[in-house]
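According to my numbering, the sequence shown is numbered sequentially starting from 859. Beta carbons are placed, not taken as given, at the ideal position from N, Cα and C, and that holds for glycine. Just so it is clear, the structure is predicted and the values come from calculations on it, not from any experiment. Okay, so here's the structure we're looking at.
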Amino acid sequence: MSAIRPAAVVVLAAGEGTRMKSATPKVLHEICGRSLVGHVLAAAGELEPQNLVVVVGHARKQVTEHLSSVAPHVRTAVQAEQNGTGHAVRMGLEELGGVVDGTVIVVCGDTPLLTGATLKALSETHSADGNAVTVLTAEMPDATGYGRIVRDESGAVTAIVEHKDADDAIRAIREINSGVFAFDGRLLAEALKQVRTDNSQGEEYLTDVLGILREAGHRVGASVAADHREIAGINNRVQLAEARRILNDRLLTEAMLAGVTVVDPATTWVDVTVTFEQDAVVHPGTQLQGATHIAEGAEVGPNSRLNDTQVGPGARVDNTVSNGARIGAQASVGPYAYLRPGTRLAAKGKIGTYVETKNASIGEGTKIPHLSYVGDATIGEYTNIGAASVFVNYDGQEKHHTTVGSHCRTGSDNMFVAPVTVGDGAYTAAGSVITKDVPPGSLAVARGQQRNIEGWVARKRPGSAAAKAAEAASREESGEG
């Protein structure tokens, strides 16, 4: 690796991307959990370059802030005016002192499908062949819009002609320029000084460097990518969606080959940061995002969205939205549950139908089966929370904590008005509003005394269906019917 380790990788990310029709800079649009430029940086990082420079221009404040958050080790160079790719590379080299000894690899910031393996192959070819420049190429079914590779009889690269400057014969060529190159750093710096702007756009084309170096007697070579889709640039929302589909399929294929069951890849979406263990199962309609991890034997879905969520071995998560939760081994969640940040469900626990949790630690074997909200709470082991319970944690200004002990049984339709503690082994009666601490082993009853006002319907709702039904029931009870 040390013999072919590049001296620098320069990422071109200065363009406006007007065809995206977006206030968001093109390179900051995301697929599979990373920005377009983030994917390129990840691939470039696999080369372990001595320097990694991103050339920014349009919306450079936004792009630079993003780079600082996702790749703080990256250096930035500014292309204040977008005067072409050659000019952009010059700005990148100036950030590194103007001249770089060793290999300089140039990549585009809008090629999220590019892999580290392909860049390594390019670097290895460049080093092994002793080229002054090596261009990454591919055979495209439809080469419209791409610069064409022109070769001589021996197969050597003689020129790259941009689509808008090409005649019909050159446009018929299917081998295209990816915009990715490996250069000898010193020769690149010298050739860039000779690049002219006498073309249809009046710009400095980086591709002109190939002709300059070849005319000077230097060798120009090529490394052909195995899959043309890797080098596809993103220029509009259609291409963004196509790239997302390709990358998602790639990620799911890797997971399935590693022993994960994906029942329906067409409706399953994952981020590049998601990890799995063997024999995990993902059901249809599921989105796995961020730092989500699905452990061995766990099942997720259908119709679930998990973000930054850890799912333990053998757990089952069904029709659930979860953000920042930890689900223990053999636990059960859903259907129709909502787990918010700070939820910690221990092994064999249950969060059931229409239950919402937030900042809640729920002990081993504890169940919250139905129609409840548990926020800012600690619940012990093997406790059962009755249906339609609410942990009342907010007083309008501050959040407060509720503690329920182990082996408790709380009744349905309970309100726990925090701060309050229910001791181990305690019970609470259905319909209670718990405002005071409940000692261990106690039964708390906090509800009004029932009072029946007989004859109220007949007096207040005479002639109504209810009154008639009540009258008929009274006759039947008295034997008059």
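Within 10 angstroms of the Cβ of H931, are there 16 or more other Cβ atoms? Answer buried if so, exposed if not. In the sequence shown, counting from the first residue as 1, residue 931 sits at position 73. That one is exposed.
Which runs of the beta strand (DSSP E) at least 3 residues long sit entirely within the stretch 1238–1314? Give them in chain order. Within the stretch 1238–1314, the runs of beta strand (DSSP E) at least 3 residues long that lie entirely inside it are, in chain order, 1248–1250, 1260–1262, 1273–1275 and 1278–1280.
Whole beta strand (DSSP E) elements within the stretch 1116–1147, 3-residue minimum: 1145–1147
So, at 7 Å on beta carbons, what are the nonlocal neighbours of R1032 in its own chain, with the 5 sequence-adjacent residues on each side left out? For the purposes of this step, residue 1032 is identified with residue 174 of the sequence shown, where counting begins at 1. The answer, listed in chain order, is E997, M998 and A1001.
Three-state secondary structure assigned by DSSP to S848: Absent from the model: residue 848. The displayed extent of the chain is 859 to 1339, so no value can be given.
Runs of alpha helix (DSSP H) wholly within the stretch 964–1007 (minimum 4 residues, chain order): 974–987
With a Cβ-Cβ cutoff of 8 Å, do V898 and V947 count as a contact? Locating residue 898 in the sequence shown gives position 40, where the first residue counts as 1. Locating residue 947 in the sequence shown gives position 89, where the first residue counts as 1. No; because the gap between Cβ atoms is not below 8 Å, this pair is not in contact.
So E1375 and L972 are in contact, right, with Cβ under 8 Å, and what is the actual spacing, rounded? The structure shown has nothing for residue 1375, since the chain only spans 859 to 1339.
Is DSSP giving E1061 helix, strand or coil here? For the purposes of this step, residue 1061 is taken as the residue at position 203 of the sequence shown. Coil.
Cα-Cα separation between T876 and L1110, rounded to whole angstroms: Taking the first residue of the sequence shown as 1, we reach residue 876 at position 18. Taking the first residue of the sequence shown as 1, we reach residue 1110 at position 252. If you take the alpha carbons of T876 and L1110, they lie about 32 Å apart.
Buried/exposed call for G1192, threshold 16 Cβ in 10 Å: For the purposes of this step, residue 1192 is taken as residue 334 along the sequence shown, with counting starting at 1. When all chains shown are included, G1192 counts as buried.
Take T1131 and list the residues in its own chain whose beta-carbon comes closer than 7 Å to its own, dropping the five residues that flank it on each side. Against the sequence shown, residue 1131 aligns to sequence position 273. If we look at T1131 and ignore the five residues flanking it on each side, its Cβ neighbours are G891, G1148 and A1149.
By Cβ distance, which residues of its chain are closer than 6 Å to P1199, with the 5 residues on each side in sequence left out? To locate residue 1199, count along the sequence shown from 1; it is residue 341. By the criterion of a C-beta distance shorter than 6 Å, P1199 is surrounded in its chain by N1181 and G1182, once the five residues flanking it on both sides are discounted.
Between the stretch 1095–1102 and the stretch 1012–1028, do three or more beta carbon pairs fall short of 8 Å? no
I1237 versus G1159 - alpha carbon distance: As a working note, residue 1237 is residue 379 in the sequence shown. As a working note, residue 1159 is residue 301 in the sequence shown. Distance between the alpha carbons of I1237 and G1159 is about 26 Å.
Which residues mark the beginning and the end of the alpha helix (DSSP H) in which S927 is found? Here residue 927 is taken as the residue at index 69 of the sequence shown, counted from 1. Note, S927: alpha helix (DSSP H), R918 to V928.
Per DSSP, what kind of secondary structure is I1031 in: helix, strand or coil? By 1-based counting over the sequence shown, the position of residue 1031 is 173. Looking at I1031 - three-state DSSP - the assignment turns out to be coil, as it is neither helix nor strand.
Local conformation of M859 per DSSP, three classes: Position 1 of the sequence shown, counting from 1, holds the residue named residue 859. Reliability of the predicted coordinates at M859 is poor, the pLDDT of 37 falling under 50, and no value is obtained from them.
Own chain partners of D1166 with C-beta closer than 6 Å, once the 5 adjacent residues on each side are dropped: Within the sequence shown, residue 1166 is the residue found at index 308, counting from 1. For D1166, where only same-chain residues beyond five positions count, the Cβ hits under 6 Å are G1148, A1149 and G1182.
Are the CB atoms of V912 and T934 within a distance shorter than 8 Å? As a working note, residue 934 is residue 76 in the sequence shown. As a working note, residue 912 is residue 54 in the sequence shown. It is a contact, given that the beta carbons lie within the stated cut-off.
Following the continuous alpha helix (DSSP H) through G944, name the residue where it begins and the one where it ends. The sequence position of residue 944 within the sequence shown is 86, counting from 1. Per DSSP, G944 belongs to the alpha helix (DSSP H) from T943 to E953.
Ignore the nearest five residues each way along the sequence and tell me which others in Y1196's own chain have a CB closer than 7 Å to its CB. For the purposes of this step, residue 1196 is taken as residue 338 along the sequence shown, with counting starting at 1. Closer than 7 Å at the Cβ level, and outside the excluded window around Y1196, lie V1179 and E1214.
Kindly indicate which three-state DSSP category T882 falls into: helix, strand or coil? As a first step, residue 882 is located in the sequence shown; it is residue number 24 there, counting from the start. Looking at T882 - three-state DSSP - the assignment turns out to be coil, as it is neither helix nor strand.
Can you tell me whether S981 is buried or exposed, with buried defined as 16 or more other CB within 10 angstroms of its CB? Position 123 of the sequence shown, counted from the start, is the residue given in the question as residue 981. Buried, because 16 or more other Cβ atoms sit within 10 Å of the Cβ of S981.
For L910, which option in N1251, V936 and P864 has the closest C-alpha, if you only look at C-alpha atoms? For this step, residue 910 is matched to residue 52 along the sequence shown. Out of N1251, V936 and P864, P864 has the C-alpha closest to the C-alpha of L910.
In three-state terms, what does DSSP make of G875? Residue 875 sits at position 17 when you count from the first residue of the sequence shown. In this structure, G875 counts as coil in the three-state DSSP scheme.
For the alpha helix (DSSP H) containing H897, name the first residue and the last one. In the sequence shown, residue 897 corresponds to position 39, counting from 1. Residues L894 to G903.
Alpha carbon to alpha carbon, what distance is there between Q1308 and A1288? Within the sequence shown, numbered from 1, the residue matching residue 1288 stands at position 430. Within the sequence shown, numbered from 1, the residue matching residue 1308 stands at position 450. Rounded to the nearest whole angstrom, the CA to CA distance from A1288 to Q1308 is 13 Å.
Please state whether DSSP places V1053 in a helix, a strand or coil. In the sequence shown, the residue the question calls residue 1053 occupies position 195. Correct three-state label for V1053: coil.
With distance defined between alpha-carbon atoms, name the residue in K1257, V1250 and G1244 nearest to G1269. The residue you call residue 1269 lines up with position 411 of the sequence shown. Here the closest residue by C-alpha is G1244.
Flag this pair as yes or no: are the beta carbons of L994 and S927 separated by less than 8 Å? Your numbering for residue 994 matches position 136 in the sequence shown. Your numbering for residue 927 matches position 69 in the sequence shown. At least 8 Å separates the beta-carbon of L994 from that of S927.
Sheet register partners of D1042 (DSSP bridge): Taking the first residue of the sequence shown as 1, we reach residue 1042 at position 184. Its beta-bridge partners are T961.
Between the Cα of H1141 and the Cα atoms of P1123, D1295, E1154 and E1112, which residue gives the shortest distance? Counting from one through the sequence shown, the residue named residue 1141 turns up at place 283. The shortest Cα separation from H1141 among P1123, D1295, E1154 and E1112 belongs to P1123.
Can you tell me whether Q1145 is buried or exposed? The criterion is at least 16 other CB atoms within 10 Å of its CB, across all chains shown. Numbered from its first residue, the sequence shown carries residue 1145 at position 287. With 16 or more other Cβ atoms within 10 Å, it is buried.
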